[in-house]
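Residue numbering for the sequence shown follows UniProt numbering, starting at 5 and increasing by one per position.
Okay, structure first, notes after.
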Amino acid sequence: KTGSVGFIGLGTMGREMVRNLLKAGHHVAVFDIVGDAVAALAAEGARPAKSPADAAAGADIAITMLPDTPQVEDVIYGESGLLASPPRGRLIVDMSTISPVAVRRMQADLKVAGTDFIDAPVSGGPIGAKNATLTIMAGGEADAFARAEPFFRGMGTTITHVGASGAGQAVKLCNQLICGINLQGVCEAIALARASGVDLDQMRSVLMGGSAASWMLDKLGPAMIAGDASAGFRIDLMLKDLRLVQEQAQALSVPLPGTALVTSQYIEARAHGEGGNGNQALFKVYDRMTNR
Ligand code: NAD
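Written as structure tokens, this is what we have:
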């Protein structure tokens with residue numbers, strides 16, 4: 005069964021998710037503050053919209069895929085935003101990674117206005133977005149999740165309702181913590197392997213067959229070995245997520261020493277002007293430490 009979607013936020017992730025929603029047969033109206041991003045998807049069959057409200061007009065569901073909490077708040081509470089002009093289906097789903105505290109506030113505000121709100125952050129990166137194989141972790145009321153699920157099916161494969169409002173973000177923050185520390189482990193292994201004079205590509209494929217195998221080693225290892233710091237999940241966004249992890253941990257009095265260490269290393273990378281690099285570029289911090 006297909007339906008209509010208003011999609012807001014057409015960056016690295018959003019544009020691929022829109023393409024897959026179109027492929028799945030949904031009608032999609034798109035909005036982004038960058039006009040070129042709207043025009044590119046209009047050329048592929050989406051309806052270009054002039055505001056979040058315009059994108060949501062007549063839609064069964066409005067989906068947001070934006071950088072951080074302030075942008076999602078802008079799209080919900082701002083002029084021509086979704087609180088004043090919700091989609092016809094009275095269902096808004098935010099798939100960005102943002103503050104779980106802010107999520108619960110938005111859910112409560114929208115509830116008063118008669119609109120359901122689901123937090124549904126994703127994992128799987130631009131590759132997962134492109135291949136419609138994202139892992140989607142959703143928080144909110146069960147009936148609202150059920151209405152959103154057919155649309156999730158167009159974008160992801162592992163789709164789970166993990167609890168009440170904010171729970172999706174709580175699970176996503178655990179995901180990011182593991183990604184950060186795991187990536188750090190891969191960097192350290194490459195630094196040691198290089199100094200030891202072993203073949204790095206072979207090391208990676210050997211380790212992929214054993215207990216050190218991971219998504220990071222598999223998908224990002226080749227770029228790290230090749231010294232490729234270019235696109236991917238940006239360090240700036242990783243630092244945003246690690247900040248959200250730290251905020252959550254402090255509020256709940258949970259010590260996270262591993263997260264604190266890797267956060268410092270990403271801050272060092274940003275201080276070297278590398279915030280726009282993909283997060284695999286953490287290897288550059290190790291290059292500096294080994295005077296490479
Ligand atoms: P991005 O910066 O590439 O895209 C964000 C888009 O939002 C941009 O096109 C920007 O112009 C638009 N935008 C910003 N403010 C806006 C506003 N007020 N109204 C309308 N549009 C606005 O980011 P991304 O990589 O696509 O990530 C989006 C979210 O998904 C982030 O929260 C990120 O942490 C999360 N995420 C990213 C990845 C990844 O690998 N890139 C993976 C999982 C989750």
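The beta-carbon is built from N, C-alpha and C at its ideal position, and this holds for glycine as well.
Computed from a predicted model, the values in this text were never measured in an experiment.
Do residue 118 and residue 143 have their beta-carbon atoms positioned less than 7 Å apart in this structure?
It is not a contact, given that the beta carbons lie outside the stated cut-off.
According to DSSP, what are the bridge partners of residue 155?
The partner list for residue 155 (beta bridge, DSSP) is empty, contrary to what the question assumes.
Roughly how far, in whole angstroms, is the beta-carbon of residue 280 from the beta-carbon of residue 240, given that I think they are within contact range, below 8 Å?
Rounded, the Cβ-Cβ distance is 7 Å, consistent with contact.
Which residue marks the beginning of the beta strand (DSSP E) containing residue 166, and which one marks its end?
Unbroken beta strand (DSSP E) run through residue 166: 160-167.
As a quick exercise: from 172, 218, 15 and 131, pick the residue whose alpha carbon is nearest that of residue 146.
Ranking 172, 218, 15 and 131 by Cα distance to residue 146 puts 172 first.
Please confirm whether any heavy atom of the ligand NAD lies closer than 6 Å to the CB of residue 16.
Yes; taking the cut-off as 6 Å, the Cβ of residue 16 has a heavy atom of the ligand NAD nearer than that.
Name the one or two DSSP bridge partners that residue 141 has.
Answer is 164.
Check whether the Cβ atoms of residue 237 and residue 186 lie closer than 7 Å to each other.
No, the pair does not count as a contact, with Cβ atoms beyond the cut-off.
Is it the case that the segment 129-140 contacts the segment 102-114, given that we only count it when at least three CB pairs across the two stretches are under 8 Å?
Contact between the segment 102-114 and the segment 129-140 is absent, because fewer than three Cβ pairs lie under 8 Å.
With a threshold of 8 Å, are at least 3 pairs of Cβ atoms found where one atom belongs to the segment 55-71 and the other to the segment 12-25?
Judged by Cβ distances under 8 Å, the segment 55-71 makes contact with the segment 12-25, as three or more pairs qualify.
Could you work out which residue in 259, 11, 75 and 198 is closest to residue 59 when comparing CA atoms only?
Cα-wise, what sits closest to residue 59 is 11.
For residue 36, count neighbouring C-beta atoms within 10 Å of its own C-beta (all shown protein chains included) and say buried if the count is 16 or more, exposed if not.
Classification of residue 36: buried, given that the 10 Å Cβ count is 16 or more.
Taking the continuous alpha helix (DSSP H) assigned at residue 10, which residues delimit it?
Element bounds for residue 10: not the alpha helix (DSSP H) but the beta strand (DSSP E), 8-12.
Pick helix, strand or coil for residue 277, following the three-state DSSP scheme.
Coil, per DSSP.
Who are the Cβ neighbours of residue 212 in its own chain at under 7 Å, not counting the five residues just before and after it?
These residues qualify, in order along the chain: 221 and 222.
Can you give me the C-alpha to C-alpha distance between residue 139 and residue 157, rounded to a whole angstrom?
Answer to the nearest angstrom: the Cα atoms are 10 Å apart.
Quick check: the Cα distance between residue 226 and residue 205, rounded to an integer number of angstroms?
One C-alpha to the other measures close to 7 Å.
Could you check whether the segment 249-256 touches the segment 78-91, counting it as contact only if at least three pairs of C-beta atoms, one from each stretch, sit closer than 8 Å?
Taking 8 Å as the limit for Cβ pairs, the verdict is that the segment 78-91 does not touch the segment 249-256.
Using DSSP bridges, identify the partner residues of residue 122.
97, per the DSSP bridge assignment.
Is residue 315 a contact residue of the ligand NAD, with contact defined as CB to any heavy atom under 6 Å?
Since the first residue shown for the chain is 5 and the last is 296, residue 315 is missing from the structure and cannot be characterised.
Does residue 67 come out as helix, strand or coil in the three-state DSSP assignment?
In this structure, residue 67 counts as strand in the three-state DSSP scheme.
If you drop the 5 nearest sequence neighbours on each side, which residues of the same chain put their C-beta closer than 8 Å to that of residue 148?
The answer, listed in chain order, is 95, 120, 121 and 122.
Along the beta strand (DSSP E) that carries residue 50, what are the first and last residues, could you check?
Taken as a continuous stretch (DSSP letters only), residue 50 belongs to no beta strand (DSSP E), as it is neither H nor E.
Output the distance between the C-alpha atoms of residue 15 and residue 130, rounded to the nearest integer angstrom.
Rounded to the nearest angstrom, the two C-alpha atoms are 10 Å apart.
Could you tell me the distance, in whole angstroms, from the CA atom of residue 101 to the CA atom of residue 275?
Approximately 23 Å, taken between the alpha carbons.
Shortest alpha-carbon distance to residue 170 belongs to which of 278, 260 and 97?
For residue 170, the nearest C-alpha among the options comes from 97.
Any heavy atom of the ligand NAD closer than 6 Å to the beta-carbon of residue 155?
It does not: the Cβ of residue 155 is nowhere closer than 6 Å to a heavy atom of the ligand NAD.
Could you check if residue 249 is buried or exposed, using at least 16 other CB atoms within 10 Å of its CB as the buried criterion?
So residue 249 ends up on the buried side.
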